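Residue numbers (this note's numbering), protein chains in the order written: chain D, 222 to 516; chain V, 15 to 110. Quick reminder that beta carbons are idealized off the backbone N, C-alpha and C, glycines included. Values in this document were obtained by computation on a predicted structure and should not be read as measured data. Below: one structure, written as structure tokens.
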Amino acid sequence: MGGEEKREFWRWTESNWRNPDIDWKNARYITVGIDVGSVSSQAVIMADGQIFAYGSMRTGSDSPNSARNALAFALEATDMPGDRMDYCVGTGYGRVNVPMADRSITEIACHARGANFIYGPQVRTVLDVGGQDIKAIQCDEKGKVTNFLMNDKCAAGTGRGMEVFADLLGVSINEVGDRSFQVDEEPEAVASTCVVYAKSEATGLLRRGWSRERVLAAYCRAMAERIYSIVRRMGVIPEFAVTGGMAKNRGVMERLMPLIGLKRMETEWDTQIAGAVGAALFGYALCQKGKGREK
Amino acid sequence: MLASYGYGDGSGDYFITIDTDKCDGCGECVSACPAHVFVVVDEDPNDPLREEPVAMVAAGKRKKIKYECGPCKPASGRPTLPCVEACKAEAISHSW
Ligand code: SF4
Ligand code: SF4
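Pasting the structure below:
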């Protein structure tokens, strides 16, 4: 094959990381959480309930390989052999197809638990905007779910919707947020966040002379309103935290937070690993209860 | 836990909520519902450390719940819903 590769604007940065302060050799239990989402997959390796390493990458064509690749990517950052792990929990959209998992646990449970870890025990409401669903979760100080509502009927307002849109406008997914604020005046939201309609609506607006920034602003606003309608239905108890890739999109987040009327919590961790963190923590809890793998 | 299954769209919100703290997994709702909306599982997948049976809305019904429940919800006059009536624990509620 020759020629120039087509630029894909939706692509976000894949990354892996290892915690330099942890030596896996000292750990009693190494547990792994693997979150195979519809758009991205993460593997988090924990040493006695602390994050030792992780890998985050795009989901490939099938769940088993995406899980293997994400774990291999996390291991790459370490000097630990893969067979050292004591227990593995799969979560996410592809959770039942994670070949190395000892069991699977829903994203709802894992995101609450993961948010409790990366944001701290004050978090009571978790919003996760995944590749193709929106989840609103309330949890207690231990990260146990007390109330949840999930909308996965269509891709409207989700990560996948945003990718399609970024690609359509030829704007890199990492720049969507900043570019959407490069407007003289905030436009009204586009009428629909439905992926199919938004496409034709955006094309129409561009033809009428709207700048790409203005179209982005209108779309980010629509996404924020869509997400808000779901969060509002469940109710928000502070503190409020956002997990998943959409937490990094300031175009949507800075339009969403005034609607909610709260500040969102901050974290130094990558918000995309929350689900896998929760999964690895469940694995750790099971090992501690003596319900880990038989040795 | 209040577990809400369903969706919201332009026409409204359609969620069935099960209070898992009240539900004991008796399964009465499963047999009462003509549309087979409910299933009882041995362990709540959203609360994996609890290990008690609990009712859920079947995965295949969540995205079309408005239509599944249509026959139980005539446009005028609302009879008691079979699922709500069957649940002695009063664990089931509907948002619409
Ligand atoms: S009838 Fe009520 S208590 Fe029994 S399984 Fe259904 S929801 Fe649970
Ligand atoms: S309203 Fe009717 S169809 Fe809907 S869940 Fe209840 S019994 Fe089933």
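Along the stretch 323 to 334 of chain D, the positions whose C-beta sits under 7 Å from a C-beta of chain V are Ile326, Thr327, Ile329 and Ala330, read in chain order. Along the length of the stretch 271 to 325 of chain D, whole alpha helix (DSSP H) runs at least 4 residues long occupy 284 to 297, reported in chain order.
In the DSSP assignment, Ser107 (chain V) falls within the beta strand (DSSP E) that extends over Ile106 to His108. In this structure, Ala274 (chain D) lies away from Met306 (chain D), with their beta-carbon atoms at least 9 Å apart.
Contact with chain D is absent for Tyr81 (chain V), since none of that chain's Cβ atoms lies less than 9 Å from the residue's Cβ. Counting every other CB atom within 10 Å of its CB across the protein chains shown gives Asn60 (chain V) a total of 16 or more, marking it as buried. Per the C-alpha coordinates, the member of D:Ser236, D:Phe386, D:Trp238 and D:Ile358 positioned closest to Arg453 (chain D) is D:Ile358.
With fewer than three CB-CB distances shorter than 8 Å, the stretch 476 to 485 of chain D does not count as touching the stretch 241 to 251 of chain D.
Around the beta carbon of Tyr418 (chain D), fewer than 16 other beta carbons sit within 10 angstroms, so the residue counts as exposed.
Considered as a whole, the stretch 397 to 469 of chain D harbours 397 to 401, 416 to 428 and 433 to 455 as its complete alpha helix (DSSP H) runs of no fewer than 4 residues, in chain order. Residue contact check for Ala17 (chain V) against chain D: a CB pair falls below 9 Å. When the alpha-carbon of Ile32 (chain V) is set against those of V:Lys78, V:Ile79, V:Met70 and V:Lys80, the nearest one is in V:Met70. With 16 or more other CB atoms across the displayed protein chains lying within 10 angstroms of its CB, Glu422 (chain D) is buried.
When the five nearest sequence neighbours on each side are left out, the beta carbons in the same chain lying within less than 7 Å of the beta carbon of Val392 (chain D) are those of Phe230, Arg400, Arg433 and Leu437, in order along the chain. When rounded, the separation of the alpha-carbon atoms in Ser25 (chain V) and Gly504 (chain D) is 41 Å. Not flagged as an interface residue toward chain V: Ile394 (chain D), since no C-beta distance is shorter than 9 Å. For Met474 (chain D), the secondary structure class from DSSP, reduced to helix, strand or coil, is helix.
Boundaries cannot be given for Gly39 (chain V), as no beta strand (DSSP E) includes it and DSSP labels it neither H nor E.
A direct Cα-to-Cα measurement between Leu348 (chain D) and Pro62 (chain V) gives close to 20 Å. Any Cβ of chain D closer than 9 Å to the Cβ of Leu63 (chain V) would place that residue at the interface, and such an atom is present.
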